[in-house]
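Have a look at the structure below, then the notes.
Numbering (the working numbering), first residue to last: 118 to 275.
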């Protein structure tokens, strides 16, 4: 792992090599260097540093806007049994035996490739409710709520 000063030197070398405007290189600075990054962006915008075409004004403005919008998202709370009950209800009406012939099976509407990829055999609608719940918990831990995009959005999970 690079030290902070070594990292800054490497960053400057790369920036100089590919002629990145000063405002953009400031984005790669450590979080504690945010005031310096803001100053670099402002300086680049005012002086035209880092460009021969004058495009730095727009680039610096975008970089400054990016700095203003960077936030650390709090880690989401772990999913609850209630979350999965709501998901089951949305996906299949809560029916663990659902098989409508559309290629998705069981309470969580798994396709066979996903089900088998999680290490299960047979079809999800033929598995016990406990096994389907276990598979859904496992899949959610691996991929978040994205395997259930419509219901996850509807339920506010995404």
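In this text, a Cβ means the ideal position worked out from N, Cα and C, and glycines have one as well.
Point to revise | residue 214 Cβ short of 7 Å to the ligand HEM heavy atom set | key: With respect to the ligand HEM, the structure offers nothing, as it holds no ligand at all.
Point to revise | C-alpha gap between residue 275 and residue 175, whole angstroms | key: Rounded to the nearest angstrom, the two C-alpha atoms are 32 Å apart.
**Study point:** Integer Cβ distance of residue 216 from residue 225, believed to fall under 8 Å
**Key:** Not confirmed; about 13 Å, so no contact.
Review point. Buried or exposed: where does residue 252 fall if 16 or more other Cβ atoms within 10 Å of its Cβ makes it buried?
Key: So residue 252 ends up on the buried side.
**Study point:** For residue 265 and residue 208, believed in contact at Cβ under 8 Å, the rounded distance
**Key:** Indeed, because the Cβ distance is near 6 Å, the residues count as touching under 8 Å.
Point to revise | Beta-carbon proximity list for residue 242, same chain, < 8 Å, skipping 5 on both sides | key: In the same chain as residue 242, and ignoring 5 residues on each side of it, the C-beta atoms closer than 8 Å to its own belong to 213, 214, 215, 216, 222 and 223, in chain order.
Review point. Does DSSP put residue 200 in a helix, a strand or coil?
Key: Three-state DSSP puts residue 200 in a helix.
**Study point:** Chain-order list of residues whose beta-carbon lies under 6 Å from that of residue 125 (same chain, five-residue window excluded)
**Key:** Legend: pLDDT at residue 125 = 46, less than 50; position of this residue unreliable, no value from coordinates given.
Check your understanding: Where does residue 205 land, buried or exposed, given buried means 16+ other C-beta within 10 angstroms?
Key -> It counts as buried.
Check your understanding: Taking DSSP as the reference, what is the three-state secondary structure of residue 267?
Key -> Helix, per DSSP.
Review point. Using the C-alpha atoms, what's the distance from residue 197 back to residue 254?
Key: Rounded to whole angstroms, residue 254 to residue 197 spans 10 Å at the Cα level.
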